[in-house]
Structures are given as structure tokens and as C-alpha cells.
Amino acid sequence: MKASPITPTIPLDVDGIHHGFLKLPYSRDDSAWGSIMIPITVIKNGDGPTALLTGANHGDEYEGPVALQELTVTLQREDITGRVIIVPAFNYPAYCAGTRTSPIDKGNMNRSFPGRPDGTPTEKVADYFQRVLVPMADVVFDFHSGGKTLDFVPFAAAHLLEDKAQEAACVALMQAFNAPYSVMLLEIDNVGMYDTAVEDMGKVFGSTELGGGGSATAKSIAIAKKGIRNVLIHAGILQGDLQLDPTVNIDMPDGECFVFSQDYGLFEPMVDLGDTVAKDDVVARVWPVARTGIPPIDYTAKISGLVICRHFPGLIKAGDCAAVIGIDIK
Ligand SMILES: [Zn+2]
1 MKASPITPTI
11 PLDVDGIHHG
21 FLKLPYSRDD
31 SAWGSIMIPI
41 TVIKNGDGPT
51 ALLTGANHGD
61 EYEGPVALQE
71 LTVTLQREDI
81 TGRVIIVPAF
91 NYPAYCAGTR
101 TSPIDKGNMN
111 RSFPGRPDGT
121 PTEKVADYFQ
131 RVLVPMADVV
141 FDFHSGGKTL
151 DFVPFAAAHL
161 LEDKAQEAAC
171 VALMQAFNAP
181 YSVMLLEIDN
191 VGMYDTAVED
201 MGKVFGSTEL
211 GGGGSATAKS
221 IAIAKKGIRN
231 VLIHAGILQG
241 DLQLDPTVNI
251 DMPDGECFVF
261 SQDYGLFEPM
271 VDLGDTVAKD
281 DVVARVWPVA
291 RTGIPPIDYT
301 AKISGLVICR
311 HFPGLIKAGD
321 CAAVIGIDIK
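Next comes the structure, spelled out in C-alpha cells:
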């Protein structure tokens, strides 16, 4: 396969703190010989495990970028053993535009793996992670939130995996991150996801959904900051004690967890994040937009549990996720 066109402007394997860029050539109207400059920090101190940390895989999710930016200015070389690779804005063009996908090529980073060295800019970044950065890592952590269209209770996540030893290591990482909720996450379609690519390489992988709505809160950012320090301590890279608070363990056994809208209209949530619902409870109603005097369409929970996700904007379309119900397994 072709070599990646991406080159780091800093060494990835030299002791010390290096701040620089992943330089992706991108010729365009406003810069004939220009490049996309993706910020990266590598902190290395001797031999030890490597952690690869990413935020803004989707460009409108902010807890990860804030926590990781802070880590690039607070983490000291002498505090660690091994290496920490920090990319606060994985899909940098999307992050700069405040959108989920890249404005350049509409690339959704989390549906672009394994990527292509001769593909779109988003595919080239995915390929660089697939073939260069992820293979260097022992532990990989990727921050997500709901973006502009979803909102979540703050949780760290792990997936069911065929390799049960790897699954146990990922669950331990999720528990070390120690968000208020810990979810065994069922993906709607995991093809092309970074998660799947990293897990298929046998790595210990963790991720989050820490909030949403296209912004972040002091509380959700504090969860991200505490969690990522815990991840580095758990990985044996950072010295210090884990800060552990109570977490609610949630399972998503099957597709019955999801409530999808089949209508376009005005969205009325009937329950809020963290609320308990029983099977057949109405979780949302969709009102007509264009006329009065017509009753709403009810959407009900197919299982009993906790509301862990909701549609965020005031209007909803057919096919949108209205809510997700998880099962409390505390
Ligand atoms: Zn995301």
C-alpha cells in the first residue's frame, strides 16, 4: 500500500515534550501548496506503555478537546513513564467548523476506517491512525459526546468483544475512567468505526459519551479531566492514585434499547436524561409542524430502564434517534 502523505513535524519517539502538527498536504483555492495542520503533542519519558488520546473525532463534541488541551500544558515529562500521544482534534477541519463531519469532504471520521492513503482528507487521517499511530499504542482512548443532535448522561463505554481477555481489559479501562455512568455500549452499525479498527488490532480501547447538544458544561469537562488522568494512572504511565467515585453500570442487551422516530415534527421529550422508565411508557411525542388540531404521535420505551440518551434539537425527522434506554445492572 502507498505510504501516508501525512508527516509529523515533531519526533514521535524522542524523550521530552514535543508540540507540533500532523501535516496533511491539501491543495485548495485559498492555499495552492497548503496543508491541513492537525495539532499533536507527544510526551515521552523512557520506556513504558504508550497511550493514544483523541478528542473531536466528531467536530462538535467538546469535553475531549478541552481535557486534552489542558493535558498538553499540565502533563510533565517527569510525571510519566512511557509515552502519551495527544491529538485534541482528530477531525480537525470538522472541529474548526463546529460540525460533526468535515466541511471539506463530508467525512465522518468514525465511519472512515481503515481509511485510504490516496483517499479524501478524512480517509487519509484515518489511514495514518490505522497504520502509524494506533500500532504504536497499548491503550487508546477516544472522547465523544452527543454533538449538536444528541445528549447523553455522562458515561464511559466498552464493547462486547470476541476476545474476552481483551474485553475485560477494556471494561477495566472504562471503570478506571470512572464516569458517573459506565455503559456496555451496543453500536447501531460498527462498520468503519475507529473503535472497531482499534479493537480489531487487539488494543485496550475506551471511549465516552459525556453530554452533548453541541457544547460542554463545567461538570462534563470535570468528568473528562478526572477520567483521562485515571486512564493514564490505570495504564501505568502516570504516577498517582486513582480518583474513584460511584458509577452506575448500564447494559444495552439489544436493539430494543433504541427509540427511533418515524415522523417529522416538533419533538416533545416526556422524560429526561437519567429518568427511570417502564416498558411501554411514552418517552417522546412528535407534534405536527404545519397545522393545529392533530394529536401527537407517541413513542414508547420497548424495555424498562434508564434514559441514557435523547434527541437534542427542537424538531425531529424520520429516522432520528429519539431516545435510548439502558438497563441498570447495579
Ligand atoms: Zn462522537
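Residue numbers (UniProt numbering): 1 to 330.
A virtual CB, placed ideally from N, CA and C, is assigned to each residue, including glycine.
Keep in mind the model is a prediction, meaning the values are calculated, not measured.
A heavy atom of ligand 1 is found nearer than 8 angstroms to the CB of residue 145.
A Cβ-Cβ separation of about 5 angstroms places residue 322 in contact with residue 259 under the 8 angstroms criterion. Distances taken from the Cβ of residue 167 to the heavy atoms of ligand 1 include none shorter than 8 angstroms.
For residue 37, the three-state secondary structure derived from DSSP is strand. By the C-beta criterion, the region 195-207 is judged not to be in contact with the region 26-44, since fewer than 3 inter-stretch pairs fall below 8 angstroms. About 5 angstroms separates the Cβ atoms of residue 230 and residue 176, confirming a contact at the 8 angstroms cut-off. Taking C-beta atoms as the reference points, residue 179 and residue 156 count as a pair closer than 9 angstroms. Per the coordinates, the alpha-carbon of residue 69 lies some 6 angstroms from the alpha-carbon of residue 88. With a cutoff of 9 angstroms on beta-carbon distance, residue 286 and residue 268 are scored as near each other. Residue 310 counts as buried, since at least 16 other C-beta atoms from the protein chains shown sit within 10 angstroms of its C-beta. Bridge partners of residue 50 according to DSSP: 83. Secondary structure of residue 187 (DSSP, three-state): coil. DSSP, read as helix, strand or coil, puts residue 153 in coil. In this structure, 84 is the residue among 213, 203, 84, 257 with its C-alpha nearest to the C-alpha of residue 48.
Residue 320 places its beta carbon less than 9 angstroms from that of residue 149. Just so you know, the alpha carbons of residue 266 and residue 108 end up roughly 27 angstroms apart. Remark: fewer than three beta-carbon pairs, one from each stretch, lie closer than 8 angstroms, so the region 54-72 and the region 22-29 are not flagged as touching.
Only exposed fits residue 30, as fewer than 16 other CB atoms lie within 10 angstroms of its CB. In this structure, the CA atom of residue 3 is about 19 angstroms from the CA atom of residue 13. Between the C-alpha atoms of residue 55 and residue 276 there is a straight-line separation of about 30 angstroms. Closest by C-alpha distance to residue 261, out of 9, 254, 299, is 299. Taking C-alpha positions only, residue 82 is separated from residue 173 by approximately 18 angstroms.
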